[in-house]
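Asks: Handing you a structure now.
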Amino acid sequence: LEETENAYGLLGTNYSSSSYFCELTDSIQLPSVTGFDEHPNSSEDMIIELSVDIDRTAPELISLLEKASNFKVDWYRPAIIRQMIMRYYQFMQLKASFPDEIFLVPTLDIEIVWQTHLLRPQMYRKDCLRLFHHVIEHSLLIDDIGQFLKEQAFLDTCQFYEERFGEQYCSLLIDKEKIQEALRYHRSLFRSCLTPNYSYWDQTHFQFGSESPKDYENPFSFTEADVILDNNWLDLCKKFMHKSVSKKEYNPPYKIDLGFSPMQLLKKSYERFLYIVTKYPPVDEDKFVHLTYAIEIVWHAHMQEPTKYASDCLRLVGYIMDHTPRISVETDQIKKSWENTIDVWKREFGRDMAIDHIRKIDNNHYN
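Residue numbers (the working numbering): 768 to 1134.
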């Protein structure tokens, strides 16, 4: 699919806007399935372990995208997208110059561009090695020490950024209702400012100019259109999740249920996906599988920590799975690939992939 196809549209389909290349035929039968000691249907619980804490990461990811959606209209503007990409590049240069254990805090706009990069694992790895000579770590989670230090870490990030690039990193929005209990004085080399207790992403705000940055050049392999298209994912995911559990018309706002029981089912669906791509490895790039948005919630969460994701893929699947976000358009090729995916899922698990995330199995029957 061309990047220019309806870059600003929201197209409703039953399947996800991304694809995974995979041979969906019976011609490939492995004597054993790498990383799987038993079939996923042998238990309604997970039979594999992931290195990423999906139960904590998935809600953080959805929360991040919810916050970013408030700025989506403004961020569609080419001049702003280019400023975001330039700021992301400068932040990554800064991050690459410090050890991984140094906590640098990205602003919301930088984090959103980072998301576009992370959701393309092969591209992310190659770009990091080419530009920074090692893979830059990322996580949406911080430990108790990080929680305690995050406000100071943000102020340090502001200082380091301003010292290196000679421009403002971010100003903070003041919550007037909490000003009496939350305000503290902080000093940096470049300014004195009033800041409230910092909440990850909540208070970060950058005022973009109306002009594209001078001498703009995108050093990364993703495009401006990729960032725009990726910002549509949450809306499409919400529509799919609503449609899978209700016959009522979709009316935002809609909250995706990521409680304990729904998360167990989502993770189990993702486990089945990993089993499929292990048993039917990619051979022909003309054969690819389209997933549901439900499965993608966990896949996107898994990709938040690139080193752990790569390690899990090698251990479970035998190779690092790449992810190719795409716009969902009705073409004969995509319809056929969707039908093939449904068919192989049904034959392998005896389940309908479209509602796999909301159905349990009890003695090999739907419960």
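Think of the CB as a built atom: it goes at the ideal place given N, C-alpha and C, for glycine as much as any other residue.
According to DSSP, simplified to helix, strand and coil, what is Ser938?
Replies: strand
Asks: What do you get for Leu908, buried or exposed, if any count of 16 or more other CB atoms within 10 angstroms of its CB means buried?
Replies: exposed
Asks: Classify Pro807 as helix, strand or coil using the three-state DSSP reduction.
Replies: helix
Asks: Alpha carbon to alpha carbon, how far is Trp881 from Gln857? Give it in angstroms, no decimals.
Replies: 12 Å
Asks: Between which two residues does the alpha helix (DSSP H) holding Pro845 run?
Replies: It spans 845 to 863 - the alpha helix (DSSP H) in which Pro845 sits, taken as one unbroken run.
Asks: Do you know how far the Cα of Cys1004 is from the Cα of Ile1023?
Replies: Across the structure, Ile1023 and Cys1004 are spaced so that their CA atoms are roughly 9 Å apart.
Asks: How big is the Cα-Cα spacing for Phe1027 and Pro826?
Replies: 11 Å
Asks: In its own chain, which residues sit with a C-beta less than 7 Å from the C-beta of Glu948, not counting the 5 before and 5 after it?
Replies: Low per-residue confidence applies at Glu948: pLDDT is 40, beneath 50, and the placement is therefore not dependable, though the value from the model is reported in the following sentence. Contacts found: none.
Asks: Cutting at 7 Å between CB atoms, please list the residues of its own chain near Ala774, excluding the five before and the five after it.
Replies: With a pLDDT of 29 at Ala774, under the threshold of 50, the modelled position of this residue cannot be trusted; read the value that follows with caution. Contacts found: Ala992, Ile995, Leu996.
Asks: Are the stretch 1024 to 1043 and the stretch 1054 to 1069 touching, with three or more C-beta to C-beta distances below 8 Å?
Replies: yes
Asks: In terms of alpha-carbon separation, which member of Ser988, Asp1119, Asn837 lies closest to Ser1011?
Replies: Asp1119
Asks: Just curious, the alpha helix (DSSP H) that Gly1075 is in, first and last residue?
Replies: It is Lys, not Gly, that sits at residue 1075 in the sequence shown. Unbroken alpha helix (DSSP H) run through Lys1075: 1073 to 1083.
Asks: Out of Arg1039, Asp1089, Ala1068, which has the shortest C-alpha to C-alpha gap to Val1111?
Replies: Taking each of Arg1039, Asp1089, Ala1068 in turn and checking the Cα distance to Val1111, the smallest one comes out for Arg1039.
Asks: To the nearest angstrom, how far is the alpha carbon of Tyr928 from that of Gln860?
Replies: 10 Å
Asks: When the Cα of Asn999 is compared with those of Pro1092, Thr924, Asn985, which residue comes out closest?
Replies: Of the candidates Pro1092, Thr924, Asn985, the one whose C-alpha sits nearest the C-alpha of Asn999 is Pro1092.
Asks: Candidates Leu1041, Gln926, Pro1073: which alpha carbon is nearest Glu805's?
Replies: That would be Leu1041, whose Cα lies nearest to the Cα of Glu805.
Asks: Have a look at Ser1036, Pro888, His905, Tyr1076 and flag the residue whose alpha-carbon is nearest the alpha-carbon of Asn808.
Replies: Ser1036
Asks: Counting Cβ pairs closer than 8 Å, one from the stretch 975 to 990 and one from the stretch 842 to 856, do we hit at least three?
Replies: Contact between the stretch 975 to 990 and the stretch 842 to 856 is present, because at least three Cβ pairs lie under 8 Å.
Asks: Does DSSP put Phe975 in a helix, in a strand, or in coil?
Replies: coil
Asks: Under 7 Å Cβ to Cβ from Glu1115, same chain only, skipping five residues before and after it: list those, please.
Replies: Ile1043
Asks: If I'm right that Ser830 touches Gln1071 with Cβ under 8 Å, what's the distance once you round it to whole angstroms?
Replies: About 13 Å separates the two Cβ atoms, so there is no contact after all.
Asks: Tell me whether Asp1099 is buried or exposed, calling it buried when 16 or more other Cβ atoms sit within 10 Å of its Cβ.
Replies: Counting of Cβ neighbours within 10 angstroms places Asp1099 among the exposed residues, the total staying below 16.
Asks: Going by beta carbon distance, what residues of the same chain come within less than 8 Å of Leu916, once the five residues before and after it are set aside?
Replies: Phe870
Asks: Residues in the same chain with beta-carbon distance under 6 Å from Asp911, minus the five sequence neighbours each way, listed in chain order, please.
Replies: When the five nearest sequence neighbours on each side are left out, no beta carbon in the same chain lies closer than 6 Å to the beta carbon of Asp911.
Asks: Please name the residue in Pro1048, Pro1019, Tyr1047, Pro1029 whose C-alpha comes closest to that of Glu833.
Replies: Pro1019
Asks: I need the DSSP call for Met1030, collapsed to helix, strand or coil.
Replies: helix
Asks: Verify whether the separation of the beta carbon atoms of Glu904 and Asp867 is less than 8 Å.
Replies: yes
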